[in-house]
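The opening position of the sequence shown corresponds to residue 4 in my numbering, with each subsequent residue numbered one higher.
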Amino acid sequence: MTHPPRSPEQGSSGDRAGNAPAHLRIHGLVVAYGSRTVLDIPALSLGTGITALTGANGSGKTTLLKTLALLIRPTTGTVELEQDGGAPGPRTALRRHRAAVGFLPQAPEFPGHFTVRDAVTYSAWLRGIPRARRAEAVHRVVEDLNLTAAATTPLRALSGGNRQRAHIAQALVHDPSVVLLDEPTTGIDIEHRIALREHLARAGQTRCIVMSTHHTEDVELLADRVVSLRDGQVVFDGTPEQLMARASNGTPAARSIERALHDLGGANT
Ligand code: ADP
């Protein structure tokens, strides 16, 4: 990567997304495969803080996250990014959106012979971080995710949890304002899950984070807001406390959340 070609997200001024707070706004969103509607969300606004996206398998979580990342084109409706600080600059809406958003797919695929540092550096280049700032950005996110000791290890030699964190570092390296994570805590051992939650909690203070999860602890310990899907529709949108109140009768929080999600049809059973 001595003389990389111009990166896909690099604007004419070499700028990058900036990390000004951002909102995603959905209007009249329908995603259909053939005649089958898998997502139908008339209106939803996602802003700063951590939103946990819950729902049974097949309820539409991945489809929604990919639609928010503009990886799936809505059948009808729109997904708009609104970023504080106004001036759009020379980039198109699509480029601005991609530069402001970090996305972690559910099963990321990346060549296993890349080391952690090379993989994150590649993502930094892809996201248009200018060469002069790239090493520093990579260093920062690798350190933030407690991956410094593994920085020169090939991805294929990492434990599942470390590899997942390396992929998360790839999604965060350009300091995106909006972070979309598809089941980031799945497959990570408890110790790393705690560290990852701490990192996401810090990041969520200034960013819009939307993460799908089956872990009731993510909802209880991390989320500011819960959006539950059933058959592609939003069946709950509120705080974890409001979710708990639906089922609470003195039972511990995690069990209340589990029961409320189950009642919404969102249990992974
Ligand atoms: P979740 O992430 O909640 O498990 P998904 O968003 O993966 O749900 O899937 C929602 C629905 O859309 C499921 O019924 C799934 O079978 C369907 N689906 C997802 N991708 C496709 C596709 N490429 N073609 C047809 N149906 C799809």
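The C-beta atom is built at its ideal place from N, Cα and C for all residues, glycine as well.
What you are looking at is a predicted structure, and each value in this text was computed from that prediction instead of being measured.
I'd like to check one pair, residue j with residue i: are the Cβ atoms closer than 7 angstroms?
i, j, result
"residue 329", "residue 65", "No answer is possible for residue 329: the residues shown for the chain start at 4 and end at 272."
"residue 181", "residue 25", "yes"
"residue 176", "residue 154", "no"
"residue 235", "residue 41", "yes"
"residue 103", "residue 84", "yes"
"residue 55", "residue 229", "yes"
"residue 127", "residue 113", "no"
"residue 150", "residue 115", "no"
"residue 170", "residue 71", "no"
"residue 105", "residue 227", "no"
"residue 222", "residue 183", "no"
Is any non-hydrogen atom of the ligand ADP found closer than 6 angstroms to the C-beta of residue i, if you look at the structure I gave you?
i, result
"residue 149", "no"
"residue 268", "no"
"residue 2", "Missing from the structure shown is residue 2; the chain here goes from 4 to 272 and no further."
"residue 63", "yes"
"residue 54", "no"
"residue 145", "no"
"residue 60", "yes"
"residue 41", "yes"
"residue 36", "yes"
"residue 66", "yes"
Got a sec? Which residues, its chain only, sit under 6 angstroms from residue i by beta carbon, not counting five neighbours each side?
i, result
"residue 36", "none"
"residue 239", "231 and 267"
"residue 196", "188"
"residue 18", "Unreliable placement is indicated for residue 18, whose pLDDT of 38 sits below 50; the coordinate value is still reported in the next sentence. Around residue 18: no qualifying Cβ."
"residue 111", "170"
Here's the rule I'm using: 16 or more other beta-carbon atoms within 10 Å means buried, otherwise exposed. How should residue i be labelled?
i, result
"residue 68", "buried"
"residue 124", "buried"
"residue 216", "buried"
"residue 219", "buried"
"residue 97", "exposed"
"residue 193", "exposed"
"residue 264", "buried"
"residue 167", "buried"
"residue 23", "exposed"
"residue 11", "Bear in mind that the predicted position of residue 11 carries a pLDDT of just 49, short of 50, making it unreliable; the figure below should be weighed with that in mind. The residue is exposed, with fewer than 16 neighbouring Cβ atoms inside 10 Å."
"residue 163", "exposed"
"residue 134", "exposed"
"residue 86", "buried"
"residue 136", "exposed"
"residue 245", "exposed"
"residue 172", "buried"
"residue 152", "exposed"
"residue 174", "buried"
Please return the same chain residues whose Cβ sits closer than 8 angstroms to the Cβ of residue i, not counting the five positions on each side in sequence.
i, result
"residue 233", "58, 59, 62, 267, 268 and 269"
"residue 48", "26, 27, 28 and 29"
"residue 204", "53 and 225"
"residue 117", "125, 157 and 158"
Using a Cβ-Cβ cutoff of less than 7 angstroms, which residues in the same chain neighbour residue i once the five nearest sequence positions on both sides are dropped?
i, result
"residue 46", "29 and 30"
"residue 147", "202"
"residue 6", "Residue placement at residue 6 is flagged as unreliable, the pLDDT there being 45, under the threshold of 50; a coordinate-derived value is accordingly withheld."
"residue 198", "149"
"residue 250", "259, 262, 263 and 266"
"residue 224", "200"
"residue 2", "Missing from the structure shown is residue 2; the chain here goes from 4 to 272 and no further."
Quiz item: Hey, which unbroken runs of the beta strand (DSSP E) at 3 residues or more fall wholly within the stretch 179-247?
Solution: 181-185, 211-215, 228-233 and 236-241
Exercise. Scan the stretch 65-137 and note each continuous alpha helix (DSSP H) run of 4 residues or more that stays entirely inside, going in chain order.
Key: 96-103 and 119-129
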